[in-house]
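Residue numbers for the sequence shown follow our numbering, so the first one is 87 and each next one is one higher. Heads up, the beta-carbon is just placed ideally off N, CA and C, and yes, glycines get one too. Below is one structure, written out as structure tokens; the observations come after it.
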Amino acid sequence: MSTRLRPRVTSPASAAPVETEYRPRQPVDVGRAVAAQRHGRNDPTYAATGSLGAGGVVWRVSRTPDGVATLALRRTADGTVRAAAWGPGADWALDQLPALCGASDDPDGFDASRHPSVAEWHRRHPDLRIGRTDLVFDALVSAIMEQKVTGMQAFSAWRSIVTWYG
87 MSTRLRPRVT SPASAAPVET EYRPRQPVDV GRAVAAQRHG RNDPTYAATG SLGAGGVVWR
147 VSRTPDGVAT LALRRTADGT VRAAAWGPGA DWALDQLPAL CGASDDPDGF DASRHPSVAE
207 WHRRHPDLRI GRTDLVFDAL VSAIMEQKVT GMQAFSAWRS IVTWYG
């Protein structure tokens, strides 16, 4: 039985993005929340442009259950997160926006005082949230690779997989 690779399919990006706004209940550092999903500094699924506290944009690409989505996130001065998405998975990606920004991160179970370093970090970065994607395959593949080889090798393998398979 031979393994055949699926040919790459390219299609033009949609002209207009699907857009939404999310107003978090608590301050959120969008850049850090999304960066938790990043696999090394050369991860082709992640990019950040500009200063994230001053109108910068976080870009993320992922395969969703509805297809590929490109997501652009920007935090406004009042803390609102503005998101634009392109591709067949755009609606799904925007539906996941609160979780990606850490809305599912329950602060009630967090006690920063249990360790001085954690308390200091929390004091300096009260807007840190841990985002999630609900994309099990992405998390599973990267976790397996990161346990089997060095970090640099895992990041390189992730880049190769994403570049080859999309």
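Query, Result
"Inter-residue Cα distance where the pair is Ile230 and Gln123", "15 Å"
"Cβ-based burial, Thr135 [other Cβ within 10 Å; buried from 16]", "exposed"
"Local Cβ density within 10 Å of Leu226, reported as buried at 16 or more and exposed below that", "exposed"
"For Pro193 and Asp177, the rounded distance between their alpha carbons", "28 Å"
"Close-in-space but distant-in-sequence residues of the same chain around Ala171 (CB under 7 Å, 5 per side omitted)", "Pro103, Val104, Ala155, Thr156, Leu157, Ala179, Leu180"
"Pair within 7 Å by beta-carbon distance, Arg218 and Ala185", "yes"
"Beta-ladder partner(s) of Trp145, from DSSP", "Ala133, Ala158"
"Nearest to Leu221 (by Cα), restricted to the options His201, Asp115, Arg118, Thr150", "Thr150"
"Within 7 Å, strictly: CB atoms of Thr131 and Val235", "no"
"Residues sharing a beta bridge with Trp172, DSSP", "Thr156"
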